[in-house]
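Q: In the numbering used here, the protein residues as written are 4 to 134.
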Amino acid sequence: MSKYMAFTDSAFKDRECLLNALSECGYSEVEEGEALSLYGYQGDRRPETAQLVVRRKFIGSASNDLGFQKTDAGYVPVISEFDQRTMMSGKFLTNLRTNYNLKSAEKLARSLRGTLHQERIGSTIKIRIKY
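This is the structure in structure tokens:
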């Protein structure tokens with residue numbers, strides 16, 4: 004049984020951008036509610052709860068549920084040690100953060116009635132908004 008960990012340094016403030024970023028990562032089925040229980044890979048109910056949950060059946064049979072707890076800082080990922088190592092080859096949080104930042108920039112561009120321009124320089128993505 005893998006221990007769940009909360010990544011408090013990776014809070015996502017905007018719910019809409021987080022849901023869109025999860026969808027970009029391939030997780031469009033997200034359950035929302037108050038204090039939703041998280042379940043392990045054997046279907047066992049864990050003591051951890053979250054407000055946003057991607058159930059393991061949408062991640063993979065060997066996975067645990069993926070949760071996001073709402074805090075004052077935003078939505079904090081709650082991921083099992085196993086899934087942290089294996090989801091997207093251990094780069095799930097990095098990919099999610101990249102997609103979240105892009106979705107946030109797109110939202111800002113819309114609010115400014117501007118256009119978004121991306122440029123990749125090596126492993127860095129430079130984003131400019133023209134308005």
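Even glycine gets a Cβ: it sits at the ideal position worked out from N, Cα and C.
Quick caveat, the model's predicted, so the values are computed rather than measured.
According to DSSP, is GLU32 part of a helix, a strand, or is it coil?
A: coil
Q: Starting from the C-beta of THR11, find all residues in its chain whose C-beta is less than 6 Å away, skip the five residues before and the five after it, and write them out in chain order.
A: VAL79
Q: If you run the structure through DSSP and keep just helix, strand and coil, what is ARG116?
A: coil
Q: Tell me whether GLN121 sits in a helix, a strand or coil according to DSSP, three-state version.
A: strand
Q: If you follow the beta strand (DSSP E) that PHE71 is part of, which residue opens it and which one closes it?
A: 69 to 74
Q: At 4 residues or longer, and completely inside the region 77 to 112: list those alpha helix (DSSP H) runs for me, N to C.
A: 84 to 89, all fully within the region 77 to 112.
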